[in-house]
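Asker: Letter by letter, the sequence shown follows residues -18 to -1, 1 to 274 of mature numbering (1 follows the signal peptide of the UniProt record, and there is no 0).
Dumping the structure here so I can ask a few things about it.
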Amino acid sequence: MVRRLLTALALTVTCIHATPMKVAALHPLLADLAREIGKDHVEVIDLMGPNNDPHSFQPNPEELNKAQGARLYLVSGMGLEDYLPKLKGIVASSQGAELIDVGSTLPPLEQAEVTDHDHDHHTIDPHWWHSIRLFQRATGVIAESFASADSEHAAEYRQNAQNYRDELGKLDRWAKREIAKIPRANRHLATAHAAFNYFCHDFGFEAFPIQGINHEQMPDPRELANLIAALKKNQVSAIFPEKESNPKILQTLTEDTGIQLAAPLIADGRGVKNYEEMVRYNVSTIVKALAP
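Written as structure tokens, this is what we have:
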């Protein structure tokens, strides 16, 4: 009888230790990164889902309830989530969870480094995930957060992070080989909104965003005229829309400039199964449109 009780107790303790740590992510690419690092030791709750815009999404009580019991909340930061101060108070007081602001640990592109063509008035571009180098750094940030919250599996989290950084290194080398097919004179990236400044910074493109940092920032007539003049002056050969692009503005630009409309790019990680798929799709789409 005593032996049976001890066996049952041992099994109970084993099951408790085997329960994955619950982690909530407020960006689909952070959810992917959490899965890569956590593997079987982490249960990832993707709060944003596939149909929400990261610029306008705010988790409601029902969505937050899905993350009940989460030890960590992963947020992109750099001003993308303007509800962050409020969320931090909610999760800390009601759930005792820790909020990990990944973007705050990364070097942002300041306004002076962002090509704005007179209409982007934001100080910081929050789309840091378009830099593979920064995504590698974010891997370490999340691994250390996991290790701190679940020390029992710290070594595995760190090893998983190192393995994934190696994979991202291969991805970066592939991207550079592909982009090398585009002559430097053709490296002008006209996009639906200002989401690709980090990509342009890393790979030597000049950015020509049509809208601002988010999809609500529309150019006024003067700004649109300046943009058209800049596109013509630099002999930009393609305009890249997104799924959420304003079709009226893009139609005006293609009609006024004669520039072709390329296949849409993926700006915020929606509609793909993981980060690598997004990078490969975007790079291949850009090379197809701009390489001779």
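Virtual Cβ for every residue (Gly too), placed ideally from N, Cα, C.
Among all the DSSP beta bridges, which residues are the ones paired with Glu80?
Answerer: In the DSSP output, where bridge partners are listed per residue, Glu80 has Leu54.
Asker: Could you compute how far the alpha carbon of Ile248 sits from the alpha carbon of Val84?
Answerer: Approximately 21 Å, taken between the alpha carbons.
Asker: Using the C-alpha atoms, what's the distance from Asp184 back to Leu232?
Answerer: Rounded to whole angstroms, Leu232 to Asp184 spans 26 Å at the Cα level.
Asker: Since Phe190 is in the beta strand (DSSP E), which residue starts that stretch and which ends it?
Answerer: Counting along the chain, the beta strand (DSSP E) containing Phe190 begins and ends at Glu188 to Pro191.
Asker: What does the alpha-carbon distance come out to for the pair Ser266 and Ala74?
Answerer: Rounded to the nearest angstrom, the two C-alpha atoms are 42 Å apart.
Asker: Tell me the DSSP bridge mates of Leu243?
Answerer: Leu243 pairs with Ile221.
Asker: Determine whether the beta carbon atoms of Ala129 and Arg53 lie at a separation below 7 Å.
Answerer: Contact: no.
Asker: Going by alpha carbons, who is nearest to Glu134 out of Val24, Val254 and Lys152?
Answerer: Considering only alpha carbons, the answer is Val24.
Asker: Measuring alpha carbon to alpha carbon, tell me which of Gln193, Ala13, Thr236 and Asp202 ends up nearest Lys214.
Answerer: The candidate whose alpha carbon is nearest that of Lys214 is Thr236.
Asker: Please name the residue, chosen from Ala125, Ile27, Leu171 and Glu138, that lies closest to Ser219 on a Cα-to-Cα basis.
Answerer: Cα-wise, what sits closest to Ser219 is Leu171.
Asker: In whole angstroms, what is the alpha-carbon distance linking Met260 and Ala157?
Answerer: Roughly 12 Å between the two C-alpha positions.
Asker: Could you tell me which uninterrupted alpha helix (DSSP H) segments, each at least 4 residues in length, are contained entirely in the segment 85 to 163, listed from first to last along the chain?
Answerer: If we require 4 residues or more, the alpha helix (DSSP H) runs fully inside the segment 85 to 163 come out as 114 to 131 and 136 to 161.
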